[in-house]
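Notes follow the structure.
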Amino acid sequence: MTQIEFLYFEVQDQDFTGVEITVRDEDNEVVRYSNFDRQNMTTQVWGNQREVFSLPSKAAALQFIESAGCYHLVS
């Protein structure tokens, strides 16, 4: 079983929700995706929600994330 964790962030003065996604598989291997670069933001960013889901495999989790087309691999 693989866990997929979504962290949602509100970006000050922008109509934008930043999302960071962490995928953890049975071997504790971690892969991270994001739709923004929080380190290079020039405005305030607030975390406001967290959701965790389980998927049957790491491949299914990665396919789910990559199908959205708006996330880039962070690590």
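At position 72 of the sequence shown (counting the first as 1) the number is 230 in this note's numbering, and the numbers step up by one without a gap.
For every residue, glycine included, the Cβ atom is placed at its ideal position computed from N, Cα and C.
These numbers were taken from a predicted model, which means no experiment stands behind them.
Handout entry: Environment of F167 [buried if 16+ CB atoms lie within 10 Å]
Key = Looking up residue 167 in the sequence shown gives position 9. Answer is buried; the Cβ neighbour count reaches 16.
Problem - Validate contact between the stretch 211-228 and the stretch 178-185 using beta carbons, cut 8 Å, 3 pairs - result: Verdict: yes, contact present.
Problem - Boundaries (first-last residue) of the alpha helix (DSSP H) holding Q221 - result: In the sequence shown, residue 221 corresponds to position 63, counting from 1. Going by DSSP, Q221 is part of the alpha helix (DSSP H) stretching over K216 to E224.
Problem - Which of helix, strand or coil DSSP assigns to Q161 - result: Within the sequence shown, numbered from 1, the residue matching residue 161 stands at position 3. Of the three classes helix, strand and coil, the one that applies to Q161 here is strand, per DSSP.
Practice task
Could you have a look at Q207 and say whether DSSP puts it in helix, strand or coil?
Solution key: Indexing the sequence shown from 1 puts residue 207 at position 49. Shown here, Q207 sits in a strand according to DSSP, grouped into three states.
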